[in-house]
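Q: Shown below is the structure under consideration.
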Amino acid sequence: MRPSQALRLWQQVMLSQVRDDAPDLTMRQTAILFTIYLDPPPHTVRGLAARLNVTKPVITRALDTMGALKLVSRHRDELDKRNVLIKRTVEGALFVERFGDVIIAKAQELPI
């Protein structure tokens with residue numbers, strides 16, 4: 545795939561998300577969401593901040609938005625009350641799966 549094709553694919557995926565009235569996540573929120581769903585758990589605010597090289601408040605703000613959209617949920621770690629565990633939700637899993645389906649569909653539409 546050439547860079548122009550990769551950019552066209554990304555554009556088409558983003559346009560599809562906008563047109564389908566999907567949740568309007570920022571690039572950072574999307575990266576956090578995909579990390580939660582594609583990397584094995586457990587996920588903590590501290591761990592996500594380290595993985596994405598951002599501060600914990602950045603993660604917390606993103607999780608606030610994604611929690612309101614029911615894409616993730618947060619719970620105190622019973623073993624260490626200082627940690628907040630980030631959990632996957634059915635709604636979030638469906639969102640990520642549909643996103644993957646859109647990428648596949650749009651990639652198949654690319655001219656060779």
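In this text, residue positions in the sequence shown follow the working numbering: the first is 545, and each later residue adds one. From the three backbone atoms N, C-alpha and C, an ideal C-beta is built for every residue, glycine too.
(1) Pick out the complete alpha helix (DSSP H) segments inside the segment 557-607, 4 residues or longer, and give them in chain order.
(2) Residues bridged to valine 616 by DSSP?
(3) Reducing DSSP to helix, strand and coil, say where leucine 623 ends up.
(4) Near threonine 609, what residues of its chain come up, given a Cβ to Cβ distance below 8 Å and the 5 sequence neighbours on each side ignored?
(5) Let me confirm a value: leucine 577 is counted as buried when at least 16 other C-beta atoms fall within 10 Å, else exposed. Which label applies?
(6) Since histidine 619 and lysine 631 should fall inside the 8 Å C-beta cutoff, what is the C-beta to C-beta distance between them, to a whole number of angstroms?
(7) Under 8 Å by Cβ, that's how I've got valine 640 and valine 557 pegged, so tell me the actual separation to the nearest angstrom.
(8) May I ask you to report which of helix, strand or coil DSSP gives proline 655?
A: Reading from the atomic positions:
(1) Whole alpha helix (DSSP H) segments, 4+ residues: 571-582 and 589-596.
(2) Paired residue(s): Arg632.
(3) DSSP, reduced to helix, strand and coil, places leucine 623 outside both helices and strands of the structure shown, so it counts as coil.
(4) The beta carbon of threonine 609 sits closer than 8 Å to the beta carbons of Leu569 and Gln573 from its chain, once the five residues preceding and following it are set aside; these are given in chain order.
(5) So leucine 577 ends up on the buried side.
(6) About 6 Å separates the two Cβ atoms, so the contact holds.
(7) For a cut-off of 8 Å, the C-beta gap from valine 640 to valine 557 is around 13 Å, too long to register as a contact.
(8) Correct three-state label for proline 655: coil.
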